[in-house]
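In what follows, a structure is listed as structure tokens, so that the remarks can point back to it.
Protein chains in written order, with my numbering: chain A, 10 to 412; chain B, 119 to 490.
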């Protein structure tokens, strides 16, 4: 690999804006925050900055941009009332809420709902895609920038299991993944106008993976979009397919960090992207993370295994487990949320409501703290401003010192 | 008199002047097109509406009446923003304007629902009075509230319970009321309530290897004759026809299901289908709906086709395709279909069975037999 190319890859792995957590799994989906002094546990009386009720369910993650935390919800008997909400990160005060009606179908597996894709933010605004194919773009003050009905535009769009892939941002482009049983595509929508900049046809297969941006230099980037069949690298400028690699996964989202590509497909695989392919570093069928995406943090990989309730710390160089530990709580724990990290801590959320915090690395597992929310936790948390933002099926919780 | 005249004028005309000024931004929003066309202008128009404040409420609600779904979403969010500004300023919208708009069922169900939600938030006590009147509302959200209110007030009255059952549309409410009626030994036929088609004629099976049968027009799509087709009758509450049981378990297969409905007059209707399989719906020989999706889940009314039934006989044909996925959960092959009004309520339609007219959902279970 050319040195400059390698440097660019490393640079692209670092969070874009340290304090923000602008998309699913944070900056470029790394799952890693540069924040310090992060909390390890909370109770109703201690370590809880605030907790506010949400108007409806959602399995999308909170995202944080500036002094606001955003969530989406879907409500109604038919799950057809779509909501985007903004809260103040310091107080939990609701700042605004925008409501739209679903224009696409709302059939989905009961575990998910129409508020499954995580919104994405940058300094131009907050962009929310719903599983109905509706997209709502708002300024940070709640002013509506544009509205799209992708199902209205492309009527055969349908995933009756429930769509959950999240959009990502690259410069002035909202990259929208839309793999489904009908017209499937990856599209770049102009963040200013809401019009398509490009739209690239894809195979008609359902998929829940969120794309990853691979910045090659200050002007060029690739969009990595993985599906059950393969990983395809698209030119972010025009959506043209550049290359592909037989590395299939339709559920956990891969991570591009420290110049390496971590994916979960029949276990974990770590690969090194070159200019037009992926080279295997190692793979292991042992670590099957289900819906939860694996985490790459400080030379180690963390995988929450839903079938056993165990979290693994894995040496990124060898793929060998360094330690494994059961997540505390009543009964066997299982996971939908992806582990996230910051300040030398690994945050693992179980579906039954446990927030377990492990010390990153080390020769043995060290549980730093454990808290019980008492509500279902399916969404991946966000880290920002010295706090961890947790979204349950009923509440938005800010775990951290009061401001 | 003068003191009365001012609020009356406000009530009747308070927004008239603003409505004229807001005409342009409303038109801009209502002209947003496909693939984001018109969004940039709509964002400016949206800001104008929000800036106009409470005076824009009624014009926006009226505009929702005519709006396409994307434009309606633009307009709905403008009301959100105005309502937030009102609440922050400690002010309320004019209750009377809201009440008048909500009462008028000529306004669209969507706009009336939005209006009621604003009303409910700012005046929970006065808005509660409206709930009883929502029992047969064309808005499903308002009707649900009406049903709930009636249940709270009249659940101990058997005759009221029967009326509430007839008015209810949401499955959870319908099932809950049906249970109460059953306890009272009163009839509660959910199948008939929803207008499920329980009597079908099934074709022989056709090839669907590699999913190609979905797009191929086999003979039943063009032929009117249904001679030799096999009768299948559903005894399931929600009208399920299990094709594995009715025609035998097959992979890569297509079966057509036919039903003839009779309408007394030309009737706007919805054909609603639930299926785990790829589906096409035809009415009187014309394809009106297609969804090529296999084994991704099902729920009541997952596919909806809006139609106009002609006076007399109407031929409904479903094309139900099975693929060859080997998993246990992919062995389901079947469908349920009903014909109803826009609220999901049954229509006065008949099926001709053994040459006798029978209301939808009224048939007793029977064993499959040849359709002679």
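Glycine included, each C-beta is placed from N, C-alpha and C at the ideal position.
{"Asked": "Residue 302 of chain B (DSSP reduced to helix, strand or coil)", "Found": "coil"}
{"Asked": "Opening and closing residue of the beta strand (DSSP E) in which residue 385 of chain B lies", "Found": "385 to 392"}
{"Asked": "Start-end ranges of the beta strand (DSSP E) lying completely within the segment 64 to 146 of chain A, minimum 3 residues", "Found": "72 to 74, 77 to 84, 90 to 97, 103 to 110, 129 to 131 and 134 to 138"}
{"Asked": "Own chain residues within Cβ distance below 8 Å of residue 476 of chain B, not counting five before or after", "Found": "317, 468, 469 and 470"}
{"Asked": "N- and C-terminal bounds of the beta strand (DSSP E) containing residue 350 of chain A", "Found": "349 to 351"}
{"Asked": "Cβ of residue 268 of chain B within 8 Å of any chain A Cβ", "Found": "no"}
{"Asked": "Start-end ranges of the beta strand (DSSP E) lying completely within the segment 183 to 242 of chain A, minimum 3 residues", "Found": "193 to 199, 205 to 211, 221 to 224 and 230 to 235"}
{"Asked": "The segment 283 to 303 of chain B: positions lying closer than 7 Å to chain A by Cβ", "Found": "288"}
{"Asked": "Within chain B, partners of residue 154 of chain A - CB distance below 7 Å", "Found": "161"}
{"Asked": "Neighbour list for residue 188 of chain B in chain A, Cβ cutoff strictly below 8 Å", "Found": "112, 156, 157, 158 and 161"}
{"Asked": "is_contact[residue 106 of chain A, chain B] using C-beta, thresh 8 Å", "Found": "yes"}
{"Asked": "Residue range of the unbroken beta strand (DSSP E) whose run includes residue 376 of chain B", "Found": "371 to 381"}
{"Asked": "Beta-carbon proximity of residue 260 of chain A to residue 217 of chain A, cut-off 8 Å", "Found": "yes"}
{"Asked": "Closer than 7 Å at the beta carbon, the chain B residues around residue 203 of chain A", "Found": "154 and 157"}
{"Asked": "Where the segment 447 to 459 of chain B meets chain A: residues whose CB sits under 9 Å from a CB there", "Found": "none"}
{"Asked": "Residue 411 of chain A beta carbon less than 8 Å from that of residue 58 of chain A", "Found": "yes"}
{"Asked": "Residue 179 of chain B, buried or exposed, once every other Cβ within 10 Å from all chains shown has been counted against 16", "Found": "buried"}
{"Asked": "The segment 143 to 156 of chain A / the segment 81 to 94 of chain A touching (three or more Cβ pairs under 8 Å)", "Found": "yes"}
{"Asked": "Own chain residues within Cβ distance below 7 Å of residue 375 of chain A, not counting five before or after", "Found": "367 and 368"}
{"Asked": "Near-chain B residues of the segment 111 to 133 of chain A - C-beta to any C-beta below 8 Å", "Found": "112, 114, 116, 117 and 118"}
{"Asked": "Per-residue contacts from residue 414 of chain B into chain A (C-beta, under 7 Å)", "Found": "168, 169, 170, 190 and 215"}
{"Asked": "Members of the segment 189 to 200 of chain B that neighbour chain A once the beta carbon cut-off is set at 8 Å", "Found": "190, 191, 192, 194, 195, 196, 198 and 199"}
{"Asked": "Same chain, Cβ closer than 6 Å to residue 288 of chain B, five either side skipped, listed in chain order", "Found": "262"}
{"Asked": "Sufficient close CB pairs (3 or more, under 8 Å) joining the segment 156 to 172 of chain B to the segment 71 to 85 of chain A", "Found": "no"}
{"Asked": "Exposure of residue 135 of chain A, with buried meaning 16 or more beta-carbon neighbours within 10 Å", "Found": "buried"}
{"Asked": "Assigned secondary structure, residue 345 of chain A (DSSP; H/G/I helix, E/B strand, else coil)", "Found": "coil"}
{"Asked": "Interface partners of residue 142 of chain A on chain B, CB under 9 Å", "Found": "Within chain B, no residue comes near residue 142 of chain A; the closest Cβ sits about 11 Å away, beyond 9 Å."}
{"Asked": "For residue 404 of chain B, the nearest candidate out of B:432, B:392 and B:386 (CA to CA)", "Found": "B:432"}
{"Asked": "Reduced DSSP category for residue 180 of chain B - H, G, I as helix; E, B as strand; rest coil", "Found": "helix"}
{"Asked": "One or two residues paired with residue 393 of chain A in a DSSP bridge", "Found": "A:396"}
{"Asked": "Pairwise C-alpha distance: residue 337 of chain B and residue 485 of chain B", "Found": "Residue placement at residue 485 of chain B is flagged as unreliable, the pLDDT there being 42, under the threshold of 50; the coordinate-derived value follows with that caveat. Straight-line Cα distance between these residues: approximately 26 Å."}
{"Asked": "Sub-8 Å separation of residue 175 of chain A and residue 32 of chain A beta-carbons", "Found": "yes"}
{"Asked": "The beta strand (DSSP E) enclosing residue 142 of chain B, as first and last residue numbers", "Found": "Not the beta strand (DSSP E): residue 142 of chain B falls in the alpha helix (DSSP H), residues 141 to 148."}
{"Asked": "Residue 165 of chain B: contacting residues in chain A (beta-carbon distance under 7 Å)", "Found": "152"}
{"Asked": "Cutoff 8 Å; reference residue 416 of chain A; Cβ partners in own chain excluding five residues on either side", "Found": "A query on residue 416 of chain A cannot be resolved here, the shown segment of chain A reaching from 10 to 412 and no further."}
{"Asked": "DSSP-derived helix/strand/coil call for residue 312 of chain B", "Found": "helix"}
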